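Q: I have a structure here, written as structure tokens, and I will follow up with some questions on it.
Protein chains in written order, with this note's numbering: chain B, 298 to 592; chain D, 599 to 779.
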């Protein structure tokens, strides 16, 4: 083992990993163009056969009037990409104002909007009593609001909704919606195993107690199948936490679970730690750990 | 048993949310490979994004989940080498200039690293790719010979011989440049 190489090993930062993940998984679905009546319909009416010509002529002004009425009354469409690396304010519609730093998009019409929020902080202000329906959707949460100022923040820890004024309904995953009012905050945990893994890593980086991190990891494991690749990462991270806390019997079991699962990504490291735990009957050498953290 | 040359074979992997899980799981690993195996001037985040987008497109073609790490590593290797070839070509074709990494993404690892670390990384980056990758996978990532052989799709004996040559070359160059080994 050449020590300088270990010292020089570059590690990607959490932000870099989040950027790459976000770019790969960003939705790219513009709304389908609505079918519009217009000249084509009028042309089809004109091309009818001679015996029906008189009736076709009568239909033309009726179709034109109907098309005009439809176009005139159709709600104004909204389609906007929300992507900013610095705090940015925008007036999405006269009734909806946003301040955000992160990644998402807004689709719908002026009175019926959906914001799909991927990552970062989004603050919204909705004019009350204007009949505007706004829904903010993340992977973990669905926030429905009418006339309120609230913030949605999505990070590796999950989605947090904070209401400054007014009232929103927040549904976390498939749980029933709950009402959140002035000054209240609700946190929706990541719904998928990979999200729980990211939450556990973020908790470790912020210095959360080991039992909190382990609870997050156990929640993630409950969401995985036996061959799920994320399961291997969750088990490896669990092993790392247990070694760090000195719970060596549990660490030995975590190593055995990993190796029994047939996972390969960290097999070498886990095998080495398992051997040390078996051989010494106690602690691995100081500084032994799996590279499960992003720095 | 480790296949001599794993092929991308065909069992349908789960789609939708499970594919997103794959991306989230492998993004740190792929980005780490791009940082450690790519030469200076190559944007590791762009390369990692390229690899992961190929994973999303071709995940259904990888039949055996155990073959996925090797598929991912070999895709990463191809993407890195393609980028290095393009960068080399730009240096020689009039009017083309290499793309520097995006500075707005924050301080680069190289900028924060000490002079010794920068020297070590430069030595590794200058090695031929066959020696560079075994050095990175075995020495920096602590993978054993069997695992590296699986990732690279080569016999374990070849991994050992390349590692011996890589260590010898690195040690010789590093000592000449004043790095303590």
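Every residue, glycine too, gets a C-beta built ideally from N, C-alpha and C.
In this text, all values refer to a predicted model and were calculated from it rather than measured experimentally.
1. Between the segment 420-430 of chain B and the segment 475-484 of chain B, do three or more beta carbon pairs fall short of 8 Å?
2. Which residue or residues does DSSP assign as beta-bridge partners of residue 457/B?
3. Quick one: which chain B residues come within Cβ less than 7 Å of residue 647/D?
4. With a CB to CB cut of under 6 Å and the five nearest residues on each side skipped, what residues in its chain are close to residue 576/B?
5. Quick one: is residue 673/D near chain B, going by C-beta distance under 7 Å?
6. On the CB-based measure, 16 or more other CB atoms within 10 Å of its CB, does residue 679/D come out buried or exposed?
7. Between the Cα of residue 713/D and those of 570/B, 301/B and 535/B, spot the shortest distance and give me the residue it belongs to.
8. Using a beta-carbon distance cut-off of less than 8 Å, what residues from the segment 488-499 of chain B approach chain D?
9. Just tell me which of 765/D, 759/D and 625/D has its CA closest to the CA of residue 573/D.
10. Does the segment 428-446 of chain B come into contact with the segment 407-415 of chain B, if we say contact requires no fewer than three beta-carbon pairs (one atom in each stretch) closer than 8 Å?
11. Among residues of its own chain, excluding the 5 on either side of residue 398/B, which ones have a beta-carbon nearer than 6 Å to its beta-carbon?
12. Going by other Cβ atoms of all chains shown within 10 Å of its Cβ, with 16 needed for buried, is residue 491/B buried or exposed?
13. Under a CB-based cut-off of 7 Å, is residue 762/D close to chain B?
14. Taking contact to mean 3 or more Cβ pairs, one atom from each stretch, closer than 8 Å, check whether the segment 517-534 of chain B and the segment 556-569 of chain B are in contact.
15. State yes or no: is the beta carbon of residue 324/B nearer than 7 Å to at least one beta carbon in chain D?
16. Can you name the residues of chain D whose CB is closer than 8 Å to the CB of residue 303/B?
17. Is the beta carbon of residue 510/B less than 7 Å from the beta carbon of residue 538/B?
18. Pick helix, strand or coil for residue 314/B, following the three-state DSSP scheme.
19. Can you give me the Cβ contacts of residue 386/B inside the same chain, cut-off strictly under 6 Å, excluding the 5 residues immediately before and after it?
20. Are the C-beta of residue 541/B and some C-beta of chain D separated by less than 7 Å?
21. With distance defined between alpha-carbon atoms, name the residue in 677/D, 751/D, 776/D and 778/D nearest to residue 635/D.
22. Would you list, in chain order, the members of the segment 554-574 of chain B that have their beta-carbon closer than 8 Å to a beta-carbon of chain D?
23. Are three or more beta carbon pairs between the segment 638-649 of chain D and the segment 512-521 of chain B nearer than 8 Å?
24. Are any of the Cβ atoms in chain D nearer than 7 Å to that of residue 391/B?
25. Residues of chain B with CB under 8 Å from residue 596/D, in chain order?
26. On the criterion of 16 or more Cβ atoms from any shown chain inside 10 Å, does residue 625/D qualify as buried, or is it exposed?
27. What are the boundary residues of the beta strand (DSSP E) that includes residue 746/D?
28. Residue ranges of each beta strand (DSSP E) run of no fewer than 3 residues wholly in the segment 358-434 of chain B, ordered along the chain?
29. In the structure shown, what three-state DSSP assignment does residue 466/B receive?
30. For residue 652/D, collect the residues of the same chain with a Cβ closer than 7 Å to its Cβ; drop the 5 residues on either side in sequence, then sort them by chain order.
31. Within 10 Å of its beta-carbon, does residue 388/B have 16 or more other beta-carbons around it, so buried, or fewer, so exposed?
32. Nearest to residue 631/D by CA position, among 619/D, 667/D and 744/D, is which residue?
33. Going by beta carbon distance, what residues of the same chain come within less than 7 Å of residue 637/D, once the five residues before and after it are set aside?
A: Quick look at the numbers:
1. The segment 475-484 of chain B and the segment 420-430 of chain B do not touch, with fewer than three beta-carbon pairs separated by less than 8 Å.
2. Per DSSP, 450/B and 484/B.
3. Here the neighbours are 317, 320 and 321.
4. A distance below 6 Å between beta-carbons, with the five flanking residues on each side excluded, links residue 576/B to no residue of its chain.
5. Chain B has no Cβ within less than 7 Å of the Cβ of residue 673/D.
6. Looking at its Cβ environment, which holds fewer than 16 other Cβ atoms inside 10 Å, residue 679/D is exposed.
7. For residue 713/D, the nearest C-alpha among the options comes from 301/B.
8. Hits within the stretch, in order: 489, 490, 491, 492, 494 and 495.
9. Here chain D has residues from 599 to 779 only, and residue 573/D is not among them.
10. Flag = yes, the segment 428-446 of chain B and the segment 407-415 of chain B touch.
11. Taken in chain order, the residues that qualify are 381, 384, 417 and 418.
12. That one is buried.
13. With 7 Å as the cut-off, residue 762/D does not count as an interface residue toward chain B.
14. Counting Cβ pairs under 8 Å, three or more are found: they touch.
15. Here residue 324/B scores only 46 on pLDDT, less than 50, and its place in the model should not be relied on; the value that follows carries that caveat. Output row for residue 324/B: interface = no.
16. 737 and 738, listed in chain order.
17. In this structure, residue 538/B lies closer than 7 Å to residue 510/B by Cβ.
18. In this structure, residue 314/B counts as helix in the three-state DSSP scheme.
19. Hits under 6 Å: 396.
20. Using beta-carbon distances, residue 541/B does not count as an interface residue toward chain D, since no partner is under 7 Å.
21. Closest by alpha carbon: 677/D.
22. Cβ contacts with chain D come from 559, 561, 562, 564, 565, 566, 568 and 569.
23. Segments in contact, no.
24. Taking Cβ atoms only, chain D never reaches closer than 7 Å to residue 391/B, which makes this a no.
25. Nothing can be reported for residue 596/D: it is not among the residues displayed for chain D, which extend from 599 to 779.
26. By the 10 Å Cβ count, residue 625/D comes out buried.
27. For residue 746/D, there is no enclosing beta strand (DSSP E); the enclosing alpha helix (DSSP H) covers residues 743-750.
28. The segment 358-434 of chain B is shown to contain whole beta strand (DSSP E) runs of 3 or more residues at 374-390, 393-406, 409-423 and 430-434, in chain order.
29. Correct three-state label for residue 466/B: strand.
30. Answer for residue 652/D: 673, listed in chain order.
31. It is exposed - the Cβ of residue 388/B has fewer than 16 other Cβ atoms within 10 Å.
32. It is 667/D whose Cα lies nearest to the Cα of residue 631/D.
33. Counting only residues of its own chain and dropping the five nearest sequence neighbours on each side, residue 637/D has a CB closer than 7 Å to the CB of 682 and 723.
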